[in-house]
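Presented below is the structure to which this report refers.
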Amino acid sequence: MKPALELKNITTLVNPGTSEEKQILKNLSLTLEAGDFVTLLGTNGAGKSTLLNVINGSLKPTMGKVILGDKDLTNLSEVKRATYISQVFQDPKVGTAPRMTVAENLLLALKRGQKRRLRLRNLRSHLAEFEELTAQLPNNLSERLHTFTGNLSGGQRQTLSFLMATITKPDILLLDEHTAALDPNTSSQLLKLTNDVVTKENLTCLMITHRLQDALRYGNRVIILNEGQVVLDTRDKEHLTEEKILTYFAN
């Protein structure tokens, strides 16, 4: 069976050919198996967000290939990759349409990757489904289906973003510190929801976090980046401690 995702010899350059040229990712290779829930750690500037941008297509690598199953995505645009890849960003304002209601945003996400045509949206026929989807979520989203997303709290909006990213099962789910902007209680609720959905749906997920405790608590695999390279890739979380993780940041 082919891996879910392969990154082959990825190198990214910023300001190439100038005196300010800088290499972010350095000949990085990485393979994700189907169902992997990876927590990704690294100091600021280690290349974590750059890695996600290479996967989602918002940044084309200077060298290397991005392979999803048997598809070469390297030259596909971010829009075309959205058929296969979903992402939740750190900023709760990103990923939802503020002037659309919660239900309208969910309907939009339900049609991700499909061809858009001029036709009736049939929102009413999906309301019962959306009520059921949101009924067990935190933040009382089920009571806000007809509320404009711009009027939601940060926690409600980020929970909606996560639901939109997973409402149709993506091949790859990318989470870029998606709880970092939330208060501790809301962050904890969303992380629990994340773990429940990723585990239940057997999603292949790459989650950036800055909290060592969360990296140890969630997922089946820890990867640490340092200066654009993988310095630790382990599934042996039982013997991994915060103190040991910090040694990789120092090297």
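Numbering follows full-length UniProt numbering, in which position 29 of the sequence shown is assigned residue number 29; successive positions increment by one, without gaps. Heads up, the beta-carbon is just placed ideally off N, CA and C, and yes, glycines get one too.
When DSSP reads this structure, residue 198 sits in no beta bridge, so it has no partner. The beta carbons of residue 209 and residue 238 sit about 19 Å from each other, so the pair does not count as a contact at 8 Å. Under the DSSP assignment, residue 231 falls in the beta strand (DSSP E) whose first and last residues are 229-234. Taking C-beta atoms as the reference points, residue 172 and residue 41 fail to come closer than 7 Å.
Bounds of any beta strand (DSSP E) do not take in residue 106; it lies within the alpha helix (DSSP H) bounded by 102-110. Sequence-distant partners of residue 37 (beyond 5 residues in either direction) whose C-beta falls short of 6 Å from its own C-beta, in its chain, are 198, 205, 219, 220. Relative to the Cα of residue 11, the nearest Cα in the group 30, 201, 185 belongs to 30. By the criterion of a C-beta distance shorter than 7 Å, residue 47 is surrounded in its chain by 24, 25, 225, 228, once the five residues flanking it on both sides are discounted. Pairing residue 194 with residue 155 gives a Cβ-Cβ distance that is not under 7 Å. Comparing C-alpha distances from residue 33 to each of 240, 202, 60 shows the shortest one belongs to 202.
Annotation for residue 48: the continuous alpha helix (DSSP H) segment containing it runs 48-56. Burial state of residue 161 is buried, judged by a 10 Å Cβ sphere holding 16 or more other Cβ atoms. When secondary structure is reduced to three states using DSSP, residue 139 falls in the helix class. Counting along the chain, residue 65 sits inside the beta strand (DSSP E) bounded by residues 63-68. The residues 12, 24, 25, 59, in chain order, have a CB closer than 7 Å to that of residue 50 in the same chain once the five nearest residues on each side in sequence are set aside.
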